[in-house]
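According to the numbering used here, the sequence shown holds residues 4 to 102 in order. We put the beta carbon where it would ideally sit given N, CA and C, even for glycine.
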Amino acid sequence: LFSEYPTLGASGAIAGVLAAYLILFPGRRVRVLLAAWIVNLPALLVIGAWIVIQLVSGLGTFSDTTAAGGVAYMAHIGGFVAGLVLTGFFRPKVRQITF
């Protein structure tokens, strides 16, 4: 956030896509490589764990600005929040047809 070095990449946008997936497909399961096995886990669990890791890591960089190691955690958090807001705003409305 207050870095003197520029950041480059699309990780914030990818985080936004993860947020959109979570809103649009909340009950879906995703395949994850866990140790040596491929398992199907709820998207809420996988993406939820990922954002918690980003939050903890991002907040940890406030005390030590060199701790991030070149990872833009705040870009991930900002992209995720933007994805939540924008998906909620642009989400298609489901129409109910009555006969």
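Residues of its chain near Leu-21, where Cβ-Cβ distance is below 6 Å and the 5 sequence neighbours each way are ignored: Correct list, in chain order: Ile-50.
Reduced DSSP secondary structure (H/G/I, E/B, other) of Leu-11: It is coil, neither helix nor strand.
Cβ separation of Arg-34 and Ala-46, assumed to be a contact under 8 Å, to the nearest whole Å: Rounded, the Cβ-Cβ distance is 11 Å, inconsistent with contact.
Would you kindly work out how many angstroms separate the C-alpha atoms of Leu-89 and Ala-16, rounded to a whole number? The alpha-carbon atoms of Leu-89 and Ala-16 are separated by roughly 12 Å.
Since Arg-98 sits in a beta bridge, which residues does DSSP pair it with? None; Arg-98 has no bridge partner.
With distance defined between alpha-carbon atoms, name the residue in Val-59, Leu-11, Trp-40 and Ile-26 nearest to Ile-80. Closest option to Ile-80, Cα to Cα, is Val-59.
Hey, how far is the Cα of Thr-74 from the Cα of Gly-19? Just to set this straight, residue 74 is Val in the shown sequence, not Thr. Taking the Cα positions, Val-74 is about 16 Å away from Gly-19.
Check this for me: beta carbons of Leu-27 and Arg-94, under 9 Å apart or not? Using a Cβ distance threshold of 9 Å, Leu-27 and Arg-94 count as a contacting pair.
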